[in-house]
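Notes follow once the structure below has been shown.
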Amino acid sequence: MLIIDNLHAEVDGKPILKGLSLTVNAGEVHAIMGPNGAGKSTLSYVLAGRDGYDVTGGSVSFRGEDLLAKAPHERATAGLFLGLQYPVEIPGVSNLLFLRTALNAQRTLRGEPEASGAEFMKLAKAAAEKLGLPFDMMKRAVNQGFSGGEKKRNEMVQMHILQPWLAVLDETDSGLDIDALRVVSDGINAMRGPDHAALLITHYQRLLDYVVPDHIHVLMDGRIVHSGGPELAHKLEAEGYSAIAA
Amino acid sequence: MTAIPETRVSVLPTRKDEAWRYSDLAAAARHWPVAVEPVVVPAGETHAQIIVTDAASPAIRHLAINVGAGAACRYTIIDNGRDYGRIALDVTLHDGADFQLGCVLIGHGEQKIELVTTVRHVGPNASSRQIVRAVAGGAATTSYLGQVAVAREGQKTDASQSFKAILLNRGATANAKPELEIFADDVKCAHGAAIGELDRQALFYLVSRGIPPEQARALLTRAFLSDALGGLDEDAAAALEAGITARLEAMA
Numbered sequence: 001m002l003i004i005d006n007l008h009a010e011v012d013g014k015p016i017l018k019g020l021s022l023t024v025n026a027g028e029v030h031a032i033m034g035p036n037g038a039g040k041s042t043l044s045y046v047l048a049g050r051d052g053y054d055v056t057g058g059s060v061s062f063r064g065e066d067l068l069a070k071a072p073h074e075r076a077t078a079g080l081f082l083g084l085q086y087p088v089e090i091p092g093v094s095n096l097l098f099l100r101t102a103l104n105a106q107r108t109l110r111g112e113p114e115a116s117g118a119e120f121m122k123l124a125k126a127a128a129e130k131l132g133l134p135f136d137m138m139k140r141a142v143n144q145g146f147s148g149g150e151k152k153r154n155e156m157v158q159m160h161i162l163q164p165w166l167a168v169l170d171e172t173d174s175g176l177d178i179d180a181l182r183v184v185s186d187g188i189n190a191m192r193g194p195d196h197a198a199l200l201i202t203h204y205q206r207l208l209d210y211v212v213p214d215h216i217h218v219l220m221d222g223r224i225v226h227s228g229g230p231e232l233a234h235k236l237e238a239e240g241y242s243a244i245a246a
Numbered sequence: 001m002t003a004i005p006e007t008r009v010s011v012l013p014t015r016k017d018e019a020w021r022y023s024d025l026a027a028a029a030r031h032w033p034v035a036v037e038p039v040v041v042p043a044g045e046t047h048a049q050i051i052v053t054d055a056a057s058p059a060i061r062h063l064a065i066n067v068g069a070g071a072a073c074r075y076t077i078i079d080n081g082r083d084y085g086r087i088a089l090d091v092t093l094h095d096g097a098d099f100q101l102g103c104v105l106i107g108h109g110e111q112k113i114e115l116v117t118t119v120r121h122v123g124p125n126a127s128s129r130q131i132v133r134a135v136a137g138g139a140a141t142t143s144y145l146g147q148v149a150v151a152r153e154g155q156k157t158d159a160s161q162s163f164k165a166i167l168l169n170r171g172a173t174a175n176a177k178p179e180l181e182i183f184a185d186d187v188k189c190a191h192g193a194a195i196g197e198l199d200r201q202a203l204f205y206l207v208s209r210g211i212p213p214e215q216a217r218a219l220l221t222r223a224f225l226s227d228a229l230g231g232l233d234e235d236a237a238a239a240l241e242a243g244i245t246a247r248l249e250a251m252a
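Chain order of the listed sequences is A and B.
First residue of the first sequence? That's 1 in the working numbering, and the numbers climb one at a time after it.
First residue of the second sequence? That's 1 in the working numbering, and the numbers climb one at a time after it.
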């Protein structure tokens, strides 16, 4: 589904990703762990196509297409979802309007019919209920006045409505209490299936107790330096990144 | 509400006139003279007016609004219609009168759109609230000159002016000139002005969910402008917002 080959990227002229390669197949969940500054968030922004994250070498293929040639909204439409570490507040735009606009923009670009008001409301209600977000919050301005946990739940609600092929979740577990972590984890697990994949970017092994990945990779200084199975998370927690990388 | 016979402003303005400092004087001269439209809201009554300009609207309007004791007057203005557009409101508030203004200025291409308000609190206990939101794209200019004048008799005045503008690109201009002239000593007058760009993080968030950039910009711009439509009933606000959206999407 996702093939990253020898990816180099820089921010403000400073090289951050230095030859990163990674393949994620449909049905798989991969976790990327690594110390601060290793390039974890940069990877997620490069995949989503954020301004200021410049690819200087390598390639990324997503479902057989050149991901890097697409504009950010086209990447989303192709089925890539980026769950942000710090979801943005948008005053004056309700969550429902935001999501309906996004869903229908994606459908239009894919040549599919738009969701009717009733169809969308059904999807939105089901997603909010599943992720434990009071429906009242769907009517409020996007993320405005939401707690950290509510913002992350809202990211999950968006993911469930948009149904991406690949979810790249950047530190979705940060700032969550145990209950919220469980709800968010259930949300990620509910998306698992033979056709979907996820790339979890995280600092801590805690999330990986709830969402058990198929593969774990250690990212240090812009490269994957070590890969292993789910047991690697506990080893990292016990021994630290440097010991594993050595 | 009763109308009294209209009068005319006969002397052509110059750059030295404060109320015309950002104006297109050559354009103004083409539309001269301007009829002053008197509006009288009798004591205790309520008056609400919505003005939406289009290409056929008069370039310059000058309204002299007299709000009687205890009366309430509300104007909602969407000004986007013509190459040169100016709306001037000269409002006089008597004892306990209330004036509310919500105004949206949209300029694109070479448009010059200006709003000039003078709100005179001539009696005590009157309140006025002005919310003006502007967006300028292309080489357009949007201007707001707002003066609040509180007479010696205007004790317990409660006046506010809020102006915010967004520039969609370099080359667009927004002017703001809020002004207070206060001769009473027990008053509350607030004013604020801010000019900026659309929030880049919000823009990325929207496009990362699949919304094309032009549509994302229109959505954020409309949200920004909707401050000025607060307090309207839902149907009226929805109708105005639909018009604004169509306008913004045409600009994108």
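Cβ atoms here follow ideal geometry from the backbone N, Cα and C, with glycine treated the same way.
Fair warning: this is a prediction, and the values are worked out from it, not measured in the lab.
- DSSP, read as helix, strand or coil, puts V157 (chain A) in helix.
- Each residue's CA atom was taken as its position, placing R217 (chain B) and A115 (chain A) some 22 Å apart.
- With contacts defined as CB atoms closer than 8 Å, K125 (chain A) and N95 (chain A) fail to qualify as a contacting pair.
- Under the three-state reduction of DSSP output, F183 (chain B) falls in the coil class, being neither helix nor strand.
- According to DSSP, Q130 (chain B) shares a beta bridge with B:L101, B:Q161.
- With the criterion set as a beta carbon lying under 9 Å from some beta carbon of chain A, the members of the stretch 222-240 of chain B are R222, A223, F224, L225, S226, D227, in sequence order.
- At the C-beta level, R74 (chain B) and A43 (chain B) stay beyond 8 Å of one another.
- Ranked by how close their Cα comes to the Cα of I188 (chain A), the residues A:P134, A:H217, A:V218, A:V157 have A:V157 in first place.
- Shown here is that no member of the stretch 68-92 of chain B has a Cβ falling below 7 Å from a Cβ of chain A.
- By the Cβ test, the stretch 95-112 of chain A is not in contact with the stretch 230-243 of chain B, since fewer than three Cβ pairs between them sit closer than 8 Å.
- If one requires a minimum length of 3 residues, the beta strand (DSSP E) runs lying completely within the stretch 53-109 of chain A are 53-62, 80-83, 90-94, in chain order.
- The alpha helix (DSSP H) runs lying completely inside the stretch 164-227 of chain B and spanning 4 residues or more are 200-207, 213-225, given in chain order.
- Neighbours of P124 (chain B) in chain A, taken as residues whose beta carbon is under 8 Å from its own, are absent, since the nearest beta carbon is some 36 Å off.
- For S143 (chain B), the closest of B:I87, B:A59, B:A151 by C-alpha to C-alpha distance is B:I87.
- Chain B has a Cβ within less than 8 Å of the Cβ of R50 (chain A).
- Within the DSSP bridge table, the entry for P38 (chain B) names B:A64 as partners.
- Going by beta carbons, L219 (chain B) and V88 (chain A) fall outside the 8 Å limit.
- With distances taken between CA atoms, I182 (chain B) lies nearest to B:E153 out of B:D199, B:E153, B:S57.
- At a C-beta separation below 7 Å, V88 (chain A) has these neighbours in chain B: Q201, A202, Y205.
- Where V168 (chain A) is concerned, the enclosing beta strand (DSSP E) starts and stops at 166-170.
- The C-alpha of A197 (chain A) lies about 21 Å from the C-alpha of N6 (chain A).
- In this structure, B:H108 is the residue among B:H108, B:P13, B:V40 with its C-alpha nearest to the C-alpha of A250 (chain B).
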